[in-house]
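Asker: Just passing along the structure, written as structure tokens.
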Amino acid sequence: MAEEKLTTRSENFSEWYNQLVLKADLADYAPVRGCMVVKPYGWTLWENITAALDKEFKATGHVNAAFPTLIPMSFFEKEKAHVEGFAPELAVVTHGGGELLEEPLVVRPTSETIIGYMYAKWVKSWRDLPILINQWGSVMRWELRTKLFLRTAEFYWQEGHTAHSNPEEAKEEMFRILDIYANFAINEAALPVVKGTKSDTERFAGAQITTSIEGMMQDKKALQSATSHYFGQNFAKAFEIQFVDQNNTLQFCETTSWGLSTRMIGAIIMTHGDDQGLVLPPRLAPIQAVIVPIFKTAEEKARVMEVADRIFKELKASGIRIKMDDRDNVSSGFKFNDWEMRGVPVRIEVGPKDVEKGSVALARRDKPGREGKSFVPQSGLDSAVSSLLVDIQAALLKRATEFRDSNIHEPKDYDDLKTIVSDGWAFSYWCESKECEAKVKEDTKATTRNIPFDQPTETGSCIVCGKPSRRKVYFAKAY
RNA sequence: CGGGGCGUGGCGCAGUCCGGCUAGCGCGCUUGCUUUGGGAGCAAGAGGUCGUAGGUUCGAAUCCUAUCGCCCCGACCA
Numbered sequence: 046m047a048e049e050k051l052t053t054r055s056e057n058f059s060e061w062y063n064q065l066v067l068k069a070d071l072a073d074y075a076p077v078r079g080c081m082v083v084k085p086y087g088w089t090l091w092e093n094i095t096a097a098l099d100k101e102f103k104a105t106g107h108v109n110a111a112f113p114t115l116i117p118m119s120f121f122e123k124e125k126a127h128v129e130g131f132a133p134e135l136a137v138v139t140h141g142g143g144e145l146l147e148e149p150l151v152v153r154p155t156s157e158t159i160i161g162y163m164y165a166k167w168v169k170s171w172r173d174l175p176i177l178i179n180q181w182g183s184v185m186r187w188e189l190r191t192k193l194f195l196r197t198a199e200f201y202w203q204e205g206h207t208a209h210s211n212p213e214e215a216k217e218e219m220f221r222i223l224d225i226y227a228n229f230a231i232n233e234a235a236l237p238v239v240k241g242t243k244s245d246t247e248r249f250a251g252a253q254i255t256t257s258i259e260g261m262m263q264d265k266k267a268l269q270s271a272t273s274h275y276f277g278q279n280f281a282k283a284f285e286i287q288f289v290d291q292n293n294t295l296q297f298c299e300t301t302s303w304g305l306s307t308r309m310i311g312a313i314i315m316t317h318g319d320d321q322g323l324v325l326p327p328r329l330a331p332i333q334a335v336i337v338p339i340f341k342t343a344e345e346k347a348r349v350m351e352v353a354d355r356i357f358k359e360l361k362a363s364g365i366r367i368k369m370d371d372r373d374n375v376s377s378g379f380k381f382n383d384w385e386m387r388g389v390p391v392r393i394e395v396g397p398k399d400v401e402k403g404s405v406a407l408a409r410r411d412k413p414g415r416e417g418k419s420f421v422p423q424s425g426l427d428s429a430v431s432s433l434l435v436d437i438q439a440a441l442l443k444r445a446t447e448f449r450d451s452n453i454h455e456p457k458d459y460d461d462l463k464t465i466v467s468d469g470w471a472f473s474y475w476c477e478s479k480e481c482e483a484k485v486k487e488d489t490k491a492t493t494r495n496i497p498f499d500q501p502t503e504t505g506s507c508i509v510c511g512k513p514s515r516r517k518v519y520f521a522k523a524y
């Protein structure tokens, strides 16, 4: 329950975020360092996210399965880059049943290895391909610096793992999924994201190509919101995932993996939230509209509740996720603030005056105060609320897109780049060398986020070294 | 891992330097009455091995030793 004012975003963005997560009732700190409890309200939001994605995965031919949490340590040593990437953050089980284990077991930080092992068992012929499996679950990475939803030791996600007979099909899969992520982010979460390819240094451990969607948070830092990887034959060779093709030749598979996590919730918070609290996109909000009845006397209560109950039933019947706040131990003013903290898109106030006039007060969460409040007739309220939800969804995307666009700049020279990334994203030509990337990071703490797919046709020169460059990249400080 | 800070009712803190009666305060919680259109008021209550263990002392939240944990700041990560 919300009881006090939030630290404002301008005072301390990080503190604003920490307080908001707790006060909006999304999650709480668990007794184990770096672990979180996702509370029912936060989990319902996650369920709405998973439902939308799961539908798209299935529509594109994927099926769900479950692989074990524990993975033999030796599996990680089979792919060199993979083990080097993940070794520092593995949690390892050394004992079972009171006995020291012969081989330590890793609590999965991601499942490429065990799934690769299983795929090797399952794939014999080109007829077995492609394999398109997704898993919903949690993974563990021993993080040193944690933050609820953005970086916790254990987090929830989906990981898709596919095996194909040729590189074209595998790459197509990688791009198909990235599109699903981007469309989800834009259309469901109202997050304007950029799609692109990661640089060599930012690539996933063991991948040949990593693509990502990147969003800009209100502090102008970038947040990688989902990734889709093409592995080539790296994991197929490490785990001997082989098939006999139509010409009776033994071939290695081409594999991919892709994931989207509860970090998405962090992106929603930091993109849409304001100083009153959480602001949820209507399509994902656990509660889309809340009714706050207002009355003084028992006689008023009877009249108000009759109308409020009728409205509740009507809106529910029209498919709106609606909540009646009939608590009698807190004031109406408290309820207004409370639901604003939780980010409910629409509030419907019903008081004695509304009963007389046949109206209600509608307040939209994306425009706090008087500006977002209007008085509408009770008749036809279901369609009024439905269209308001659509308006809010669109307004959130528009606002976030304008914010992002007004904070991406093209630097004239290297000094200009330094200035830009101190408070925004820089978009510029880059020669794609590790050296220039490292120099920017050292000078500014900004990293390359991704190289967007949409590129100008003409070439340019690297913003760091001046060498001829084919593509532009986003530089930004990132979470 | 390096640097800084903190452990006292559910939460936020005071008290610790300089040991002393029954460990306080705010918020929240319970009950009752009055309230309710932007974070209500009054009254009466419940709730604490002072992180843990050991030591010094007539007496320890306070002094000593050890230990555990958490938060913040610096190198990797969805």
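Using this note's numbering, the letters of the first sequence map in sequence onto residues 46 to 524. Glycine residues also receive a C-beta, built at the ideal position from the N, C-alpha and C atoms. Note that the structure is predicted; figures quoted are calculated from it, not measured.
How about Asn63 and Gln180: are their beta carbons less than 8 Å apart?
Answerer: Result no, Cβ atoms of Asn63 and Gln180 do not sit closer than 8 Å.
Asker: Mark Phe18 as exposed unless 16 or more other C-beta atoms lie within 10 angstroms of its C-beta, in which case mark it buried.
Answerer: Nothing can be reported for residue 18, as the shown portion of the chain is limited to 46 through 524.
Asker: Under 8 Å by Cβ, that's how I've got Arg186 and Glu147 pegged, so tell me the actual separation to the nearest angstrom.
Answerer: That pair is no contact at about 25 Å.
Asker: Among residues of its own chain, excluding the 5 on either side of Gly130, which ones have a beta-carbon nearer than 6 Å to its beta-carbon?
Answerer: Hits under 6 Å: Ala250.
Asker: Quick check: the segment 317 to 332 against the segment 50 to 65, are there 3 or more CB pairs under 8 Å?
Answerer: With a cut-off of 8 Å, the segment 50 to 65 and the segment 317 to 332 count as touching, because enough Cβ pairs lie within range.
Asker: Within a Cβ cutoff of 6 Å, which residues of the same chain sit near Lys216, ignoring the five residues on either side of it in sequence?
Answerer: Taken in chain order, the residues that qualify are Tyr275.
Asker: Checking 8 Å against the spacing of the C-beta atoms, do Ala334 and Val389 come in under that value?
Answerer: Yes, these two residues count as a Cβ contact at 8 Å.
Asker: Going by CA-CA distance only, name the one from Ala267, Thr242 and Thr105 that's closest to Pro497.
Answerer: Cα-wise, what sits closest to Pro497 is Thr242.
Asker: Contact defined as beta carbons within less than 8 Å: I believe Thr272 pairs with Thr294. What is the distance between those atoms, to the nearest angstrom?
Answerer: No, Thr272 and Thr294 are not in contact; Cβ-Cβ is about 32 Å, not under 8 Å.
Asker: Quick one: measure Cβ to Cβ for Ala208 and Ile176, integer angstroms, because I've assumed they're closer than 8 Å.
Answerer: Yes, Ala208 and Ile176 are in contact; Cβ-Cβ is about 4 Å, under 8 Å.
Asker: Does the distance from the C-beta atom of Val391 to that of Arg415 stay below 8 Å?
Answerer: Taking 8 Å as the Cβ cut-off, Val391 and Arg415 do not qualify as a contacting pair.
Asker: I'd like to confirm the pairing. Which residues does DSSP put opposite Trp202 in its beta bridges?
Answerer: DSSP output for Trp202 lists Gly182 and Ser306 as bridge partner(s).
Asker: Taking the DSSP output, what are the residues bridged to Ile176?
Answerer: Its beta-bridge partners are Ala208.
Asker: Measure how close the beta-carbons of Met386 and Ile336 come, nearest whole angstrom, since I'm counting them as under 8 Å.
Answerer: No, Met386 and Ile336 are not in contact; Cβ-Cβ is about 17 Å, not under 8 Å.
Asker: Of all the beta strand (DSSP E) runs that stay within the bounds of the segment 265 to 335, which reach a length of 3 or more residues?
Answerer: Entirely contained in the segment 265 to 335, the beta strand (DSSP E) runs reaching 3 residues are, in chain order, 267 to 277, 287 to 289, 295 to 297 and 299 to 306.
Asker: So Ile178 and His206 are supposed to be a Cβ contact under 8 Å. How far apart are they, rounded?
Answerer: Their Cβ separation, rounded to whole angstroms, is 6 Å, which keeps Ile178 and His206 in contact under 8 Å.
Asker: Quick one, which of Val405, Tyr459 and Asp290 has its alpha-carbon nearest Lys558's?
Answerer: Limits of the chain in this structure are 46 at one end and 524 at the other, which puts residue 558 out of reach.
Asker: The alpha helix (DSSP H) with Ile149 in it runs from where to where?
Answerer: In the sequence as presented, Ile is not what sits at residue 149; that position holds Pro. Element bounds for Pro149: not the alpha helix (DSSP H) but the beta strand (DSSP E), Glu144 to Val152.
Asker: With distances taken from CA atoms, which of Ala69, Arg355 and Leu51 is nearest Leu325?
Answerer: Taking only the C-alpha atoms, the option nearest Leu325 is Ala69.
Asker: Tell me whether Gly511 sits in a helix, a strand or coil according to DSSP, three-state version.
Answerer: Correct three-state label for Gly511: coil.
Asker: Could you pull out every residue in the same chain whose Cβ sits closer than 8 Å to the Cβ of Asp468, ignoring the five residues on either side in sequence?
Answerer: Lys265 and Asn452.
Asker: On the three-state DSSP scale, how would you describe Ala408?
Answerer: Here Ala408 sits in strand by DSSP.
Asker: Using a 10 Å radius around the Cβ and a threshold of 16 neighbouring Cβ atoms, would you call Pro212 buried or exposed?
Answerer: So Pro212 ends up on the exposed side.
Asker: What do you get for Lys528, buried or exposed, if any count of 16 or more other CB atoms within 10 angstroms of its CB means buried?
Answerer: It is not possible to answer for residue 528, since the shown part of the chain is limited to 46 through 524.
Asker: If you check the beta carbons only, do Pro113 and Ile160 fall under 8 Å apart?
Answerer: Cβ distance not < 8 Å, so Pro113 and Ile160 don't count as in contact.
Asker: Is it right to say Lys517 is buried, meaning 16 or more other beta carbons lie within 10 angstroms of its own, or is it exposed?
Answerer: Buried, by the Cβ-count rule.
Asker: For a test of the three-state rule: what should DSSP assign to Gly241, helix, strand or coil?
Answerer: The answer is strand: DSSP assigns Gly241 an E or B state.
Asker: Run the CB neighbour count on Ser210, radius 10 Å, all protein chains shown included, and call it buried at 16 or more, exposed below.
Answerer: Ser210 comes out buried.
Asker: Would you mind sorting Val137 into buried or exposed? The rule is 16 or more other CB atoms within 10 Å of its CB.
Answerer: So Val137 ends up on the exposed side.
Asker: Within its chain, find whatever has a CB closer than 8 Å to the CB of Gln263; leave out the 5 residues flanking it on each side and keep chain order.
Answerer: Counting only Cβ-Cβ distances below 8 Å, and skipping sequence neighbours, we find Arg54, Phe58, Met315, Thr316, Gly318 and Phe448.
Asker: How would you write the range of the beta strand (DSSP E) that Trp475 sits in, first residue to last?
Answerer: Note, Trp475: beta strand (DSSP E), Trp470 to Trp475.
Asker: Within the continuous alpha helix (DSSP H) that includes Phe127, where are the two ends?
Answerer: Here residue 127 is His; the residue named in the question, Phe, does not match the sequence. Run containing His127: Lys125 to Phe131, per the alpha helix (DSSP H) assignment.
Asker: Distance check for Trp470 and Thr464, CA to CA, integer angstroms please.
Answerer: The straight-line gap from Cα to Cα measures roughly 10 Å.
Asker: Using only CA atoms, which one of Glu344, Ile365, Ser270 and Asp371 lies nearest to Asp354?
Answerer: Among Glu344, Ile365, Ser270 and Asp371, the Cα nearest to that of Asp354 is on Asp371.
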